[in-house]
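Residue numbers (my numbering), protein chains in the order written: chain A, 1025 to 1254; chain L, 1025 to 1254. Note that the Cβ used here is the ideal one computed from N, Cα and C, for glycine as well. Only a predicted model underlies this, so the values are computations on that prediction, with no experimental measurement involved.
This is the structure:
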């Protein structure tokens, strides 16, 4: 029996959360990995999440289903088309249609529920404010607000004086920096999945924002993406 | 076609949320009622929620399933027994085992997701800081923190300058005051359900904290509970 501190990590199956898991592991946390099946088009990321959880040695991996598609409002869950072949400037201009309403708030609240039940004070989230500058719920001020909320919201915070901490080690990194960090920590990127609109085989489309960011990130990092190119 | 402002209301099927719905309706909102099947023991409240949604004329009623029981940590979802026959002083002493980790945070985040997709700025929640003084996520400071978070978390808040407001009209009322208000607004309490541990018929046990609070509330309000007594 080990005495590692438990931490809940939101694991999407993408390379950001895989790298975040590797950081948490390197810091000595025992990982409880949480993935959410929220009706996303790109369900392949859930099988990727299971592969990553196993590879990283997670103590437990829970995939919760919650049908956010019933609310509509996003290209990732609804009938809106995923944009393709957008230039970087275009990606930056506004919050993309792939934004899922309040997604990180839903995910963090579920991670908090599990953390409280586990008596864990630490949550890890692979958000990034550089490449996803358009997503409001990837910004540091949002993360700080959630941390404040978590300490008011819970029996753990109020009765047991547990101070929740949301770790976002990648928040100020570029995709290339994340890939370099992941590579240093031994992340097997062949297990991860990034594409918003994969083929039925799971192969990346190569043209959505996520595929483009990934491709440019590997190029800038001077590394080769082990995934097939769309 | 009407031009009422849309509002998302969390509807549990209990008398607090039924009264909150009646307040929202009286204020002229078009109601989008959200109920959560979270693995609670007392699933009868979900059928009660559907009855209340229909009676109140909700524009839409969505019941989302999310298996919080997988996290454990509560008498309402886990194997811990629901406490019975507790004296009022005992109920006040500490946060009860019926507390569900981070429940209101999970519920409000889902309500926020739907509100954003609907372009609604108003959320209604029947929390109460008097009778549920032990629940950290029923306190005004918690609600304020969530409101602040909602405005940072969303595309609606950031791009469209929608200011989310979480209405908690019952937060400072006693159970008797809530029952009187509901009665004035025409709430049919026979449609509601409060018991944490009902019989297989749905009949209230009469002995859990929720049954006791309800009984005392009707007595203090000088009204008769139309539900059968356990």
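So that I know if they touch, is there some Cβ in chain L lying closer than 9 Å to that of residue 1180(A)?
Yes, residue 1180(A) lies at the interface with chain L (some Cβ there is under 9 Å from its Cβ).
Using a cut-off of 7 Å between C-beta atoms, extract the partners of residue 1144(A) located in chain L.
Near residue 1144(A) there are no residues of chain L at all, since even the closest Cβ is about 11 Å away, more than 7 Å.
Quick check on the DSSP output: the alpha helix (DSSP H) that includes residue 1087(L) runs from which residue to which?
Here residue 1087(L) belongs to no alpha helix (DSSP H); instead the beta strand (DSSP E) covers 1084-1089.
For residue 1108(A), does the three-state DSSP call read helix, strand or coil?
strand
Where does the unbroken beta strand (DSSP E) through residue 1211(L) begin, and where does it stop?
Careful: residue 1211(L) lies outside any beta strand (DSSP E) and carries neither H nor E.
Can you check which of these residues, 1235(L), 1251(L), 1083(L) and 1225(L), is closest to residue 1049(L) by C-alpha distance?
1083(L)
4 or more residues per run - each alpha helix (DSSP H) lying fully within the region 1150-1182 of chain L
1164-1177
Quick one: is residue 1089(L) near chain A, going by C-beta distance under 9 Å?
yes
In whole angstroms, what is the alpha-carbon distance linking residue 1205(A) and residue 1151(A)?
Whole-angstrom Cα-Cα distance: 15 Å.
Going by beta carbon distance, what residues of the same chain come within less than 6 Å of residue 1237(A), once the five residues before and after it are set aside?
1155 and 1199
For residue 1161(A) and residue 1174(A), the rounded distance between their alpha carbons
For residue 1174(A) and residue 1161(A), the gap between their C-alpha atoms comes out near 15 Å.
Cβ shell of residue 1245(L) (< 6 Å), same chain only, five flanking positions each side left out:
1200, 1203 and 1204
Who are the neighbours of residue 1165(A) on chain L, taking C-beta pairs under 9 Å?
1176
Between the C-alpha atoms of residue 1060(A) and residue 1207(A), what's the straight-line distance to the nearest angstrom?
In this structure, the alpha-carbon of residue 1060(A) lies about 25 Å from that of residue 1207(A).
Expressed to the nearest angstrom, what Euclidean distance is found between the alpha-carbon atoms of residue 1070(A) and residue 1213(A)?
15 Å
Chain L partners of residue 1096(A), CB-CB under 7 Å?
1141
Using the three-state DSSP reduction, which class does residue 1133(L) fall into: helix, strand or coil?
helix
DSSP beta-bridge partners for residue 1056(L)?
1032(L) and 1084(L)
Are residue 1137(L) and residue 1223(A) closer than 9 Å when you measure CB to CB?
no
Can you give the Cα-Cα distance for residue 1095(L) and residue 1089(A), rounded to whole angstroms?
Answer to the nearest angstrom: the Cα atoms are 13 Å apart.
Does any residue of chain L bring its CB to less than 9 Å from the CB of residue 1151(A)?
no
Does the beta-carbon distance from residue 1086(A) to residue 1042(A) come in below 9 Å?
no
Shortest alpha-carbon distance to residue 1091(A) belongs to which of 1228(A), 1027(A), 1109(A) and 1131(A)?
1131(A)
Which of helix, strand or coil DSSP assigns to residue 1202(A)
DSSP places residue 1202(A) within a helical segment (H, G or I) once states are collapsed to three.
To which residues of the same chain is residue 1025(L) closer than 7 Å at the C-beta, ignoring the five residues directly before and after it?
Confidence is the limiting factor: at residue 1025(L) the pLDDT is only 45, short of 50, which leaves the residue's position unreliable, though a coordinate-based value still follows. Within the same chain, residue 1025(L) has no close Cβ partners at all.
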